[in-house]
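Report on the following structure.
There are 2 protein chains.
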Amino acid sequence: MLTQSLNAKAINTQISGGKVGPAVHPVSDQFGAITGHVGLVATEFSYHKDEEIYGEDEPAEYVYQVVSGAVRSYKLLSDGRRQIGAFHLPGDVFGLESGATHRLAAEAIIDTTVRLVKRASLEKAAGTDVQVARKLWTMTASELRHAEDHMLLLGRKTAMERVATFLLEMDRRLAVAGMMALPMCRRDIGDYLGLTLETVSRALSQLHAQGILGFSGARQIVLRNRQRLHNLDA
Amino acid sequence: MLTQSLNAKAINTQISGGKVGPAVHPVSDQFGAITGHVGLVATEFSYHKDEEIYGEDEPAEYVYQVVSGAVRSYKLLSDGRRQIGAFHLPGDVFGLESGATHRLAAEAIIDTTVRLVKRASLEKAAGTDVQVARKLWTMTASELRHAEDHMLLLGRKTAMERVATFLLEMDRRLAVAGMMALPMCRRDIGDYLGLTLETVSRALSQLHAQGILGFSGARQIVLRNRQRLHNLDA
DNA sequence: CGAGTGATTGAGGCAAGTCAAATGTGGTGG
DNA sequence: CCACCACATTTGACTTGCCTCAATCACTCG
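Sequence lines, in order, name chains S and B. Numbering-wise (the UniProt record's numbering), the first sequence opens with residue 1 and increments by one. Numbering-wise (the UniProt record's numbering), the second sequence opens with residue 1 and increments by one.
Below, the structure written as structure tokens:
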């Protein structure tokens, strides 16, 4: 099913180690660090806004890297409550599992292109090449680090502290020329921070009123005072 | 400093692969799975109740396995708010890092004995033995899985759902003859679940009043109806 | 330029937090 | 062995930060 849909829509297949698209940041090309060593076949593939990439508990057949666009990884409760565990931005690897299935679902936030390799081929490479095995471990470990930081946020920070942390994270990860263009809506931010979209909006309005940030459209944000934002972040 | 204190208090050094203490569950002996392969030296060591094992951001010199007792891993905010990321019970490995430092601090909840090996020797073994490298990865991946589940709990579950989840987790991990002896106090439980100790206590009282659990002392709990607890867990 | 979705703002409610007091309990020394 | 003490837990009364529900506003994109 997934394979069919991939084959039907694949737009480009290449031997990795070839040139990397402009959206992939060179110093953080985690995928290349693996595929370059072992000559794995990487395929490019695109998803539309809100399209599912894989579901929770689905077999983990592929490992992905965002080329352009943005992805949300999340879990759902039976009544629809959602917790987004991470946002994946250009250059990020996602969907890497040590076990057989995906622990979270993944969806494109906006139209998104990914590069992907078969999980089985990575596993095989890791069995031969210790460098690859080490890389898989460190990628999982940095996801764990993020999750540990996020548990602190979700369990113990106030709404304003959460929003401040979020803004500083996004500023670090996607600011260009001091401005960030958020790909996600207020509901996504709320579901990432364990808040409602209204609470996120109120916190942003308050930061705007205090001159800590500026808007040019709801999703174009300029941080005017990172120091004060850090102070609000506990 | 750490090394000194370790040397001063070490009570037993052995080549691993020897017999395992009775408190370590045989089917989940993650440590043995590693050390058995490469003949690493494991040392036993004990900590008193509330003693720090390592601090946040401290160099990760050792990897630990609980032999007996219980350990909490946590992060602190500057004003003292605490988030416990995990409890480590007999058989569990903790303190395993891919990077140079510990991401969370660790403390003994009660008097605790651990087995430990040098991180550097594990790293070395992983460079030679692909089985070891794979094991390190899967151990980190299962910590990540727990953290992802816990983010959902912290971000989206109600107080009663959190406590129900906690009880089912502890029942699974440390119930003997249908009864569990919790090593941690209500404050630890609250800091694990993102609640206050009072809220934890009220939820437990309510479950007791509904006949879902029974007490013999505040920390000796017997689950009388796991199905109803599952229903409360969303 | 208008429709539709996303964002903001307001008013009121409630789940969980805070503060405080009473009760229970395990550990220890007389 | 038991009485006491220190601390853990429970329970109560009240507060509050965030949520819910609802209405308006403002982009974005046909």
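In this text, a Cβ means the ideal position worked out from N, Cα and C, and glycines have one as well.
Query                                                                                                                                        : Result
Min CB distance residue 106 of chain B to chain S below 7 Å                                                                                  : no
Cβ-Cβ separation, residue 46 of chain S to residue 113 of chain S (assumed contact under 8 Å), whole Å                                       : 5 Å
Buried versus exposed call for residue 25 of chain B [16 or more other C-beta atoms within 10 Å across all chains shown]                     : For residue 25 of chain B, the predicted structure reports a pLDDT of 44, less than 50, and the residue's modelled location is therefore unreliable. A value from the coordinates is still provided. Residue 25 of chain B is exposed by the Cβ-count criterion.
Of the residues S/229, S/119, S/100, S/190, the one placed nearest residue 86 of chain S, counting alpha carbons only                        : S/190
Beta-carbon proximity of residue 140 of chain S to residue 141 of chain B, cut-off 7 Å                                                       : yes
Proximity test, Cβ basis, 7 Å: residue 136 of chain B and chain S                                                                            : yes
Cross-chain neighbours of residue 154 of chain S in chain B, by beta carbon under 7 Å                                                        : 151, 154, 155, 194
Classification of residue 65 of chain B by the beta-carbon crowding that lies within 10 angstroms, buried from 16 upward                     : buried
Chain S contact residues for residue 188 of chain B, given Cβ-Cβ distances below 7 Å                                                         : Near residue 188 of chain B there are no residues of chain S at all, since even the closest Cβ is about 13 Å away, more than 7 Å.
Beta carbon of residue 78 of chain S nearer than 7 Å to that of residue 106 of chain S                                                       : no
Through-space distance from residue 109 of chain B to residue 50 of chain B, alpha-carbon basis                                              : 5 Å
7 Å Cβ cutoff met for residue 159 of chain B and residue 213 of chain B                                                                      : no
Neighbourhood of residue 164 of chain S by C-beta distance below 7 Å, restricted to the same chain and skipping five residues each side      : 229, 232, 233
Nearest-angstrom Cβ-Cβ length linking residue 184 of chain B and residue 221 of chain B, presumed shorter than 8 Å                           : Not quite, the Cβ-Cβ distance comes to about 12 Å (not below 8 Å), so this is no contact.
Closer than 7 Å to chain B by CB, residue 101 of chain S                                                                                     : no
Collapsed DSSP secondary structure at residue 97 of chain S in the structure displayed                                                       : coil
Nonlocal neighbours in the same chain, by C-beta distance under 8 Å from residue 99 of chain B, ignoring five residues either side           : 60
Residue-chain proximity (residue 27 of chain S, chain B), Cβ-Cβ < 7 Å                                                                        : Because residue 27 of chain S sits at a pLDDT of 47, beneath the cut-off of 50, its placement in the model cannot be relied upon, and the point is left open.
Residue 199 of chain S beta carbon near the ligand ZN (any heavy atom closer than 6 Å)                                                       : As presented, the structure is devoid of all ligands, the ligand ZN included, so that no description of it is given.
Backbone secondary structure at residue 131 of chain S - three-state DSSP                                                                    : helix
The UniProt domain "HTH crp-type" (157-227) of chain B: positions lying closer than 9 Å to chain S by Cβ                                     : 157, 161, 191, 192, 193, 194, 195
Which listed residue (S/102, S/131, S/227, S/111) has its alpha carbon closest to that of residue 119 of chain S                             : S/102
Beta-carbon contacts of residue 197 of chain B that lie in its chain and below 6 Å, excluding the five residues immediately before and after : 186, 187, 190
Between the CA atoms of residue 171 of chain B and residue 178 of chain B - distance to the nearest angstrom                                 : 8 Å
Residue nearest to residue 149 of chain B in terms of C-alpha spacing, selected from S/201, S/202, S/94, S/84                                : S/84
Distance between residue 154 of chain B and residue 156 of chain S (C-alpha atoms, nearest Å)                                                : 9 Å
Closer than 7 Å to chain S by CB, residue 143 of chain B                                                                                     : yes
Candidates S/57, S/204, S/39, S/53, of which the one nearest residue 168 of chain S by Cα                                                    : S/204
Distance, residue 143 of chain S Cα to residue 144 of chain B Cα                                                                             : 7 Å
Run of the beta strand (DSSP E) containing residue 222 of chain B, from where it starts to where it stops                                    : 220-223
Cα-Cα separation between residue 44 of chain S and residue 63 of chain S, rounded to whole angstroms                                         : 12 Å
Exposure label - residue 219 of chain B; buried when at least 16 CB within 10 Å                                                              : exposed
Separation of residue 132 of chain S from residue 122 of chain B, as counted between CA atoms                                                : 17 Å
Integer Cβ distance of residue 42 of chain B from residue 115 of chain B, believed to fall under 8 Å                                         : 5 Å
Short CB-CB distance (under 7 Å) between residue 231 of chain S and chain B                                                                  : no
Near-chain S residues of the stretch 63-84 of chain B (beta-carbon distance less than 8 Å), N- to C-terminal order                           : 75, 77, 78, 79, 81, 82, 83
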